[in-house]
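Protein chains in written order, with our numbering: chain F, 109 to 218; chain A, 109 to 218. Virtual Cβ for every residue (Gly too), placed ideally from N, Cα, C. Treat the numbers as computed from the prediction; the structure is a model and nothing was measured.
There are 2 protein chains.
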Amino acid sequence: MTDNHPTQSLDDTVHQRTRLGILAVLAEGSRVQFGFLQEALGLTDGNLSRHLSTLEEAGFARVEKGYEGRRPRTWVHITRAGQRALAAELDALRRLIQRYDARAAGPEPD
Amino acid sequence: MTDNHPTQSLDDTVHQRTRLGILAVLAEGSRVQFGFLQEALGLTDGNLSRHLSTLEEAGFARVEKGYEGRRPRTWVHITRAGQRALAAELDALRRLIQRYDARAAGPEPD
């Protein structure tokens, strides 16, 4: 029997590979262009849009349309709730890694 | 523009929350009972079976049926390929966390 396993604290909304990447990149800036996100993560338009919708519905990201000069731009930013969710995800992953490393350092008897 | 983002190295077969938990628990022992895995991760029979099938198909885990005395038992163990896949996943997560922590330590100018 173990205490709550670190992976039980993972939330699929944040943990899913692409969305984890999106939130991590968003956390690096105050706001990020749609095209930058796409390139940073190697995503198609449709794939990025779909995952952004999921993150918006969860309240973790916000998409804003605007202009830079005359060029239409789509900006994305992470919300406070998104920052908290990302921090919680990374904390759970840290615990997972620590547990794995502890096992590698010294195997249990038997 | 960034180099290959850490989340691009994640493989859904291993990264998926439940399967990541299964592989992590399996990595802690030479073989683990089905019921132990279930309890350690808070999974139903069906859910665990389904994810074990995915891991078996990928060659990352093996399920063996046998007896302990007269009691039928199902044992699960991680394969070498599974160990490598788990190590690769955790390395990618480590890079993700390091990058996040570096950002938190000192924001870039502007």
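Cβ-Cβ separation, residue j to residue i (assumed contact under 8 Å), whole Å
| i | j | result |
| --- | --- | --- |
| residue 83 of chain A | residue 146 of chain A | In the structure displayed, chain A extends from 109 to 218; residue 83 of chain A sits before or after that span and is not available. |
| residue 115 of chain F | residue 149 of chain A | 7 Å |
| residue 183 of chain F | residue 127 of chain F | In fact, because the Cβ distance is near 18 Å, the residues do not count as touching under 8 Å. |
| residue 117 of chain F | residue 213 of chain F | Residue 117 of chain F to residue 213 of chain F, Cβ: 23 Å. No contact. |
| residue 186 of chain F | residue 135 of chain F | 6 Å |
| residue 202 of chain A | residue 141 of chain A | No, residue 202 of chain A and residue 141 of chain A are not in contact; Cβ-Cβ is about 30 Å, not under 8 Å. |
| residue 133 of chain F | residue 159 of chain A | Between residue 159 of chain A and residue 133 of chain F the Cβ distance is about 29 Å, and since that is not below 8 Å, they are no contact. |
Residue i classed as buried or exposed, judged by whether at least 16 other C-beta atoms fall within 10 angstroms
| i | result |
| --- | --- |
| residue 175 of chain A | exposed |
| residue 210 of chain A | exposed |
| residue 197 of chain F | buried |
| residue 124 of chain A | buried |
| residue 143 of chain A | exposed |
| residue 109 of chain F | With a pLDDT of only 43 at residue 109 of chain F, under 50, the local geometry of the prediction cannot be trusted, and the value read off the model is given with reservation. Its Cβ having fewer than 16 others within 10 Å, residue 109 of chain F is exposed. |
| residue 154 of chain F | exposed |
| residue 177 of chain F | exposed |
In DSSP terms, what residue i is bridged to
| i | result |
| --- | --- |
| residue 174 of chain F | F:181 |
| residue 193 of chain A | Partner(s): none; residue 193 of chain A has no beta bridge. |
| residue 205 of chain A | Partner(s): none; residue 205 of chain A has no beta bridge. |
| residue 169 of chain A | A:186 |
| residue 116 of chain F | Residue 116 of chain F pairs with nothing; no bridge assigned. |
| residue 140 of chain A | A:184 |
Quick check: the stretch 161-172 of chain F against the stretch 186-203 of chain F, are at least 3 beta-carbon pairs closer than 8 Å? These segments touch.
Interface residues of the stretch 111-124 of chain F facing chain A [CB-CB below 7 Å]: Result list: 113, 115, 116, 118, 120, 123.
For the stretch 139-151 of chain F, which residues have a CB atom closer than 9 Å to at least one CB atom of chain A, in sequence order? Within the stretch 139-151 of chain F, the qualifying residues are 144, 147, 148, 149, 150.
Quick one: which residues of the stretch 192-212 of chain A get their C-beta closer than 9 Å to a C-beta of chain F? List them in chain order. Listed in sequence order: 194, 195, 198, 201, 202, 204, 205, 207, 208, 209, 211, 212.
Selection of the stretch 162-194 of chain F by Cβ proximity to chain A, strictly under 9 Å: Listed by position, the residues of the stretch 162-194 of chain F near chain A (Cβ gap below 9 Å) are 194.
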